[in-house]
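Trainee:
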Amino acid sequence: MARKTDTRSSYYGEPRKFDPTFRGPVHNRSCTDVVCCVVFITFIIGYIALGTVAWIHGDPRKVVYPTDSRGQFCGQQNTPNANKTKLFYFNMLKCANPAVLINLQCPTTQLCVSKCPDSFSTLLDAWGTNKWEYYKQFCKPGFEISSKTVLEVIRDEDCPSMIVPSRPFLQRCFPDFITRNGTLTVANQTNFKDGDNNHRSVNDLKDAANQVTAVQQGEERGIASLLNANEVGIKIFEDYANSWDWILIGLVITMVVSLIFILLLRYTAGVLLWLIIISVITVIGFGIWHCYWEYSNLTRKPGANVTISDIGFQTDFSIYLQLSQTWLVFMISLSVIEAVIVIILIFLRTRLRIAIALMKEGSKAISYVMSSLFYPIITFLLLAICIAYWAVTAVFLASSGNAVYKVTPADDKCMYANLTCSPNTFSETNVSKVCPGAQCMFAFYGGETVYHRYILVLHLCNLFMFLWLVNFTIALGQCTLAGAFASYYWALKKPDDIPVSPLYSSFSRAIRYHTGSLAFGSLILAVVQMIRMVLEYLNTKLKGSENACARFLLCCLQCCFWCLENFIRFMNRNAYIMIAIYGKNFCTSSKDAFFLLMRNIIRVAVLDKVTDFLLFLGKLLISGSVGVLAFFFFTRKIPVIQEEVPSLNYYWVPLVTVIFGSYMIAHGFFNVYAMCVDTLFLCFCEDLERNDGSSFRPYYMSPGLHKILRKGEEGSKSCAAS
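Pasting the structure below:
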């Protein structure tokens, strides 16, 4: 048995030898992975150059403001269209053409207006009457009744042939479709005459609106559902405006509870963690009972067989709570979650004491390095900068280019259709003679320069650098926290031997000496993530493909790269801990961390997922408790403060925000805790290899932690032997 153990130890490297001079994180260190550091800095400079070029060529107004047929922005300040923020289509029925999705333009005049039409009228009805003053605001600027006839005005598209009640969506005017007695109508009408005096139905108008929406959204979605979604969006915005202060109060409560929770773990880790487990099981059990109670009551009422698919999408989400099927889905989901948690607890019951002991030690470490709890704020700010820079650069890249105008014919027979043209010289060409009614209209923004031809490559570079910088920011935080907690563990007399400002010292070492190593690990992860995104894109494109072999191969590749990404994350995390302690390069630290874990594989199996599971339950309990409190508050079920509850359209808007925000805040605090536990675990493994507990080679761990971990290891060995 001893020979096998020795063989295994030598295969995974030699255990650490006793070193009387070792006192935790090495102070005498040098720069690591310098080449990667230089490459990283070079790429950052290139990224700044990319952002600068995008800023020079881009124009965010092209994204923010809609553009009329002459290429002018609607709603732009200091222009004639400053007060005209909406885009109006003269004859939307012309948009009911599949070519719209190909050419990305609707073959009708588009005009900036101050507001969308709110009544139905035709040009013939308004011509020369008191309705003309209202109607002419939807004609081309400067147009007045002249010697032209009504038919000539419609032919030249000086004015629309009709206007219908419309609602703005995406700053564009779309017909206000209303269903009356099961019939789709606009202004109580179901039939209209188009610009060619042909009778068209309201369904044709809806198809035209859907085509325009597909161009703007990049996908086929019904305009009616989009307008409903827009209405819901407005109500949601109102709810946020009315309840933002109470949402902030809920998030502050979460921060305080998370901080108190972590501090209490130092003294009551065992009781508190068992309380978490029991509380989570009880809360989910109560949820199952409540769902069953609601389901049972609703099944006795008339219309119990109505399903979610029967009623479709509804803006009033409370309607879904009146369906028995909704509560059945909730009950089944909670039952599955409850069963999974109970099964995990049954199989891990012998490991919980070990995990609790290590987490109690982690709480002590955090209490001595309290500044570590606020480090996630730095990570959040750095991530916010990365996200903001990426988003701004992406917008400027997307809005790069000059206005491109194309020939838009009145029918599909024009030989010049979709050719590039110039609005200044279009009247001098013979296009209008060959294709009567054709116009030179704005199509999109682009160009023929090298910059515009490779705009997609620049978008990919922007995305890749974003992934690299985000992973580097996370790596910097992990290495910084690891160095601070390692300083705590390797202090023989705690807290006397703990250095001053361990977090700041660790951050300084990481930036000064190990930027290259952190960039190296982040680069590997960014490459894998980029490959996964490409595979996800290909999977989206192949969804409708009949090639089952290609789809199966793609699915296998996605699965493999998902596993690879998670393995790299795990190894990088442990490599950063070794870098923080010993100051070696990334490859050496990765190898040392891997060999150390393999030499202690039994302990890794015991603690890795058990501690993650307990921390997850803690996050679940905190966010769930704050969520329950928010639910009772926003539904006015707390009598003392009923009058303080704001008026809301949907109470679930602030409720979901509070729950999600609470979970993210708890996740930030517990991430620090998880990094602390991982660092202490690796330090513990090295402590066992370096020292033997004698007076000459004493252990750095606490006696209680050593006793429980030794007992757990002996139990694991006896179980394996049996």
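Under our numbering, the residue at position 412 of the sequence shown is numbered 1627, and the numbers go up by one with no gaps. Idealized CB from N, CA, C, for every residue including glycine.
From ALA1845 to ILE1880, what does the alpha carbon distance come to, in whole angstroms?
Mentor: Indexing the sequence shown from 1 puts residue 1845 at position 630. Indexing the sequence shown from 1 puts residue 1880 at position 665. Roughly 16 Å separates the two Cα atoms.
Trainee: Thinking C-alpha only, which one of SER1586, CYS1650 and ASN1306 is nearest PRO1717?
Mentor: Against the sequence shown, residue 1717 aligns to sequence position 502. Nearest of SER1586, CYS1650 and ASN1306 to PRO1717, Cα basis: SER1586.
Trainee: With 16 other CB atoms within 10 Å as the buried threshold, where does THR1220 fall?
Mentor: Sequence index remark: in the sequence shown, residue 1220 carries index 5 (1-based). For THR1220, the predicted model reports a pLDDT of 44, less than 50, meaning its position is unreliable and no value from the coordinates is stated.
Trainee: Rounded to whole angstroms, what's the CA-CA distance from MET1377 to LYS1834? Just pull it up for me.
Mentor: Numbered from 1 along the sequence shown, position 162 holds the residue referred to as residue 1377. Numbered from 1 along the sequence shown, position 619 holds the residue referred to as residue 1834. Cα to Cα, MET1377 sits roughly 58 Å from LYS1834.
Trainee: By Cβ distance, which residues of its chain are closer than 6 Å to THR1872, with the 5 residues on each side in sequence left out?
Mentor: Numbered from its first residue, the sequence shown carries residue 1872 at position 657. Hits under 6 Å: ILE1462.
Trainee: Taking 7 Å as the limit between beta carbons, can you name the residues of its chain near ARG1788, skipping five residues before and five after?
Mentor: For this step, residue 1788 is matched to residue 573 along the sequence shown. So the qualifying residues of the chain are GLN1693 and ASP1893.
Trainee: Hey, VAL1268 and LYS1299: beta-carbon distance below 8 Å or not?
Mentor: One-based indexing of the sequence shown puts residue 1268 at position 53. One-based indexing of the sequence shown puts residue 1299 at position 84. Not closer than 8 Å, so no.
Trainee: For ALA1763, which residues from the same chain have a beta carbon less than 8 Å from its beta carbon, with the 5 sequence-adjacent residues on both sides left out?
Mentor: In the sequence shown, the residue the question calls residue 1763 occupies position 548. Within the same chain, ALA1763 has no close Cβ partners at all.
Trainee: Quick check on SER1362: buried or exposed, where buried means 16 or more other Cβ atoms within 10 Å of its Cβ?
Mentor: Stepping through the sequence shown from its first residue, residue 1362 is reached at position 147. Exposed.
Trainee: Only counting the same chain, and skipping five residues up and downstream in sequence, which positions put a Cβ closer than 7 Å to that of LEU1830?
Mentor: The residue given as residue 1830 occupies position 615 in the sequence shown. Once the five neighbours on either side are set aside, the close Cβ partners of LEU1830 are PHE1885, TYR1888 and ALA1889.
Trainee: Would you decide whether ILE1635 is buried or exposed? Buried here means 16 or more other CB atoms lie within 10 Å of its CB.
Mentor: Here residue 1635 refers to the residue found at position 420 when the sequence shown is read from its first residue. The identity of residue 1635 in the sequence shown is Thr, whereas the question assumes Ile. By the neighbour-count rule (16 or more Cβ atoms within 10 Å), THR1635 is not buried but exposed.
Trainee: Compare the C-alpha of TRP1508 against each of HIS1242, PHE1545 and LEU1488 and name the closest.
Mentor: Sequence index remark: in the sequence shown, residue 1508 carries index 293 (1-based). Nearest option by C-alpha distance: PHE1545.
Trainee: Are LEU1265 and LEU1673 touching if we call contact CB-CB under 8 Å?
Mentor: By 1-based counting over the sequence shown, the position of residue 1265 is 50. By 1-based counting over the sequence shown, the position of residue 1673 is 458. Contact flag set, yes.
Trainee: Going by CA-CA distance only, name the one from LYS1709, ILE1713 and LYS1277 that's closest to SER1702.
Mentor: Translated into positions along the sequence shown, residue 1702 becomes position 487. It is ILE1713.
Trainee: DSSP beta-bridge partners for VAL1328?
Mentor: For the purposes of this step, residue 1328 is taken as the residue at position 113 of the sequence shown. BP columns for VAL1328 point to LYS1301.
Trainee: Helix, strand or coil for ALA1613 per DSSP?
Mentor: The count along the sequence shown starts at 1 and reaches residue 1613 at position 398. The answer is helix: DSSP assigns ALA1613 an H, G or I state.
Trainee: Using C-beta distances below 6 Å, list every residue in its chain close to ALA1699, excluding the 5 sequence neighbours before and after it, in chain order.
Mentor: The residue given as residue 1699 occupies position 484 in the sequence shown. Counting only Cβ-Cβ distances below 6 Å, and skipping sequence neighbours, we find VAL1584, SER1587, PRO1717, LEU1718 and SER1721.
Trainee: With 16 other CB atoms within 10 Å as the buried threshold, where does PRO1390 fall?
Mentor: Numbered from 1 along the sequence shown, position 175 holds the residue referred to as residue 1390. When all chains shown are included, PRO1390 counts as buried.
Trainee: Please report how far the alpha carbon of SER1381 lies from the alpha carbon of VAL1467, in whole angstroms.
Mentor: Walking along the sequence shown from the start, residue 1381 turns up at place 166. Walking along the sequence shown from the start, residue 1467 turns up at place 252. About 43 Å.
Trainee: Let me know the secondary structure DSSP gives ALA1618 once reduced to three states.
Mentor: The sequence position of residue 1618 within the sequence shown is 403, counting from 1. In the structure shown, ALA1618 sits in a strand (DSSP, three-state: E or B).
Trainee: In this structure, what does DSSP give as the bridge partners for ILE1378?
Mentor: The sequence position of residue 1378 within the sequence shown is 163, counting from 1. DSSP, once it has assigned bridges, lists SER1336 as partnering ILE1378.
Trainee: What's the C-alpha gap between ALA1734 and TYR1590?
Mentor: The residue given as residue 1734 occupies position 519 in the sequence shown. The residue given as residue 1590 occupies position 375 in the sequence shown. So the two alpha carbons sit approximately 20 Å from each other.
Trainee: Please work out which residues of its chain come closer than 6 Å, Cβ to Cβ, to ARG1905, disregarding the five sequence neighbours upstream and downstream, and give them in chain order.
Mentor: The residue given as residue 1905 occupies position 690 in the sequence shown. So the list reads ARG1231 and PHE1233, once near-sequence residues are dropped.
Trainee: In chain order, what residues of the same chain lie with their CB nearer than 7 Å to the CB of LEU1560, ignoring the 5 residues before and after it?
Mentor: By one-based count along the sequence shown, residue 1560 stands at place 345. Within the same chain, LEU1560 has close Cβ partners ILE1492.
Trainee: List the endpoints of the continuous alpha helix (DSSP H) containing PRO1869.
Mentor: The residue you call residue 1869 lines up with position 654 of the sequence shown. Its alpha helix (DSSP H) spans residues 1867-1905.
Trainee: Assign GLY1465 to one of two classes, buried (16 or more other C-beta atoms within 10 Å of its C-beta) or exposed (fewer than that).
Mentor: The residue given as residue 1465 occupies position 250 in the sequence shown. Buried, by the Cβ-count rule.
Trainee: For the alpha helix (DSSP H) that contains PRO1861, what are its first and last residues?
Mentor: Locating residue 1861 in the sequence shown gives position 646, counting from the first residue. Taken as a continuous stretch (DSSP letters only), PRO1861 belongs to no alpha helix (DSSP H), as it is neither H nor E.
Trainee: Going by C-alpha to C-alpha distance, which of ILE1726, ALA1808, CYS1898 and SER1909 sits closest to PHE1942?
Mentor: Because residue 1942 is not part of the residues shown, which for the chain are 1216 to 1937, the question remains open.
Trainee: Report the option in ARG1784, VAL1646, LEU1478 and PHE1562 whose CA atom is closest to the CA atom of LYS1628.
Mentor: Translated into the one-based positions of the sequence shown, residue 1628 becomes position 413. Taking only the C-alpha atoms, the option nearest LYS1628 is VAL1646.
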